[in-house]
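In order, the protein sequences belong to chains G and F.
Per this note's numbering, the first sequence runs over residues -14 to 144.
Per this note's numbering, the second sequence runs over residues 426 to 501.
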Amino acid sequence: MADKKLAIIATKGTLDWAYPPFILASTASALGYQTCIFFTFYGLQLIKKRLTLKVSPLGNPGMPMPMGMDKWFPVIGTAIPGMESMMTGMMKQKIKAKGVASIEELRDLCIEADVRLVGCQMTIDLFDMKREDLIDNIELGGAATFFEFAGDADVTLFI
Amino acid sequence: MAEFDQELDARGLNCPLPILRAKKALNDLSSGQVLRIIATDPGSVKDFDAFAQQTGNQLLESTEADGEFQFLLRKG
Chain G
-14 MADKKLAIIA
-4 TKGTLDWAYP
6 PFILASTASA
16 LGYQTCIFFT
26 FYGLQLIKKR
36 LTLKVSPLGN
46 PGMPMPMGMD
56 KWFPVIGTAI
66 PGMESMMTGM
76 MKQKIKAKGV
86 ASIEELRDLC
96 IEADVRLVGC
106 QMTIDLFDMK
116 REDLIDNIEL
126 GGAATFFEFA
136 GDADVTLFI
Chain F
426 MAEFDQELDA
436 RGLNCPLPIL
446 RAKKALNDLS
456 SGQVLRIIAT
466 DPGSVKDFDA
476 FAQQTGNQLL
486 ESTEADGEFQ
496 FLLRKG
């Protein structure tokens, strides 16, 4: 049986949204899929050498908050300086306490499993990002590079 | 106690780590050998079943005792 193929486009650059691409890609590899993730726009944050991913309660009514704050805390309060860092710290604690892998760990597992990681050249240029700020185990490419892989993929996800 | 060739302690690990660690452990086994996995993630019950079905490894046993799940996987 030829390997199945999974193509993912990762467009989000927050801690919470960093999970789906790396969880699905690493698991698909374990199941024998050939897997490729194309990182574009804010998704490029996920392939930086130094990850500074955050989670924000701002404009995120679905985010559970301590003491039921998501129910009664005024939305405008979520814009208070320091709120983002505080929520990110709490989320990271919870991730650790529940035995959920860190993004660094999942990313390493993807690299180990030969998941193809492609950074979008156009958005790297657009955001004036430097190649050396991104991890070594990636290639750079554009939309055509994505379709070269995704063209005959069995599963394609836009995240 | 069922026989196995290697054991993987996946206690305290959450999705997808038990599966990923199991896959890694299976790589070191030869066909027909059995891997025993102990996990605490309730989601792993369905996941190991799905993993076995998709990878050609055989799930010989899936049991629960005292909040811990035991899986026996025979490498295909």
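Each residue gets a CB set at the ideal place from its N, CA and C atoms; glycine is no exception.
Please read all numbers here as calculations on a predicted model, not as lab measurements.
Buried versus exposed, by CB contacts within 10 Å (16 or more), residue 500 of chain F: Here residue 500 of chain F refers to the residue found at position 75 of the second sequence. Looking at its Cβ environment, which holds 16 or more other Cβ atoms inside 10 Å, residue 500 of chain F is buried.
DSSP-derived helix/strand/coil call for residue 33 of chain G: What you label residue 33 of chain G is simply residue 48 of the first sequence in a count that begins at 1. It is a strand residue.
Residues of the region 426 to 445 of chain F whose Cβ lies closer than 8 Å to any Cβ of chain G, in chain order: 437, 438, 439, 440, 441, 442, 444, 445
Residue 37 of chain G and residue 30 of chain G closer than 9 Å at C-beta: By one-based count along the first sequence, residue 37 of chain G stands at place 52. By one-based count along the first sequence, residue 30 of chain G stands at place 45. Yes, Cβ-Cβ distance for residue 37 of chain G and residue 30 of chain G is below 9 Å.
Which of helix, strand or coil DSSP assigns to residue 464 of chain F: Position 39 of the second sequence holds residue 464 of chain F. The answer is strand: DSSP assigns residue 464 of chain F an E or B state.
Chain-order list of residues whose beta-carbon lies under 6 Å from that of residue 496 of chain F (same chain, five-residue window excluded): What you label residue 496 of chain F is simply residue 71 of the second sequence in a count that begins at 1. Only 462, 473, 487 meet the Cβ criterion.
Chain G contact for residue 500 of chain F (CB, 9 Å cutoff): Taking the first residue of the second sequence as position 1, residue 500 of chain F is located at position 75. It does not: the Cβ of residue 500 of chain F has no partner Cβ on chain G nearer than 9 Å.
Backbone secondary structure at residue 47 of chain G - three-state DSSP: In the first sequence, counting from the first residue as 1, residue 47 of chain G sits at position 62. Correct three-state label for residue 47 of chain G: coil.
Neighbourhood of residue 142 of chain G by C-beta, 6 Å cutoff - its chain only, sequence neighbours within 5 removed: Position 157 of the first sequence, counted from the start, is the residue given in the question as residue 142 of chain G. Answer for residue 142 of chain G: -7, listed in chain order.
Cβ contact (3+ pairs, closer than 8 Å) linking the region 107 to 127 of chain G and the region 55 to 69 of chain G: no
Whole-angstrom distance between residue 114 of chain G and residue 450 of chain F, CA atom to CA atom: The residue you call residue 450 of chain F lines up with position 25 of the second sequence. The residue you call residue 114 of chain G lines up with position 129 of the first sequence. Each residue's alpha carbon lies about 38 Å from the other.
Unbroken alpha helix (DSSP H) run spanning residue 131 of chain G, endpoints: Reading the first sequence from its first residue, position 146 is the one you call residue 131 of chain G. Taken as a continuous stretch (DSSP letters only), the alpha helix (DSSP H) holding residue 131 of chain G covers 128 to 135.
Below-9 Å beta-carbon distance, residue 85 of chain G vs any chain F residue: Numbered from its first residue, the first sequence carries residue 85 of chain G at position 100. Output row for residue 85 of chain G: interface = yes.
Coil, strand or helix - residue -14 of chain G by DSSP: Here residue -14 of chain G corresponds to residue number 1 of the first sequence, with the count starting at 1. Note that residue -14 of chain G has pLDDT 49, beneath the 50 cutoff, so the model's placement of it is unreliable and no number is given.
CB contact below 9 Å: residue 458 of chain F versus chain G: Taking the first residue of the second sequence as position 1, residue 458 of chain F is located at position 33. For residue 458 of chain F, the answer is no, since every Cβ of chain G falls outside 9 Å of its Cβ.
Three-state secondary structure assigned by DSSP to residue 483 of chain F: Within the second sequence, numbered from 1, the residue matching residue 483 of chain F stands at position 58. The answer is strand: DSSP assigns residue 483 of chain F an E or B state.
Secondary structure of residue 440 of chain F, DSSP reduced to three states: Locating residue 440 of chain F in the second sequence gives position 15, counting from the first residue. Residue 440 of chain F: coil per DSSP, three-state reduction.
Local Cβ density within 10 Å of residue 452 of chain F, reported as buried at 16 or more and exposed below that: For the purposes of this step, residue 452 of chain F is taken as residue 27 along the second sequence, with counting starting at 1. Under this definition residue 452 of chain F is an exposed residue.
Identified DSSP bridge partners for residue 125 of chain G: Indexing the first sequence from 1 puts residue 125 of chain G at position 140. Paired residue(s): G:104.
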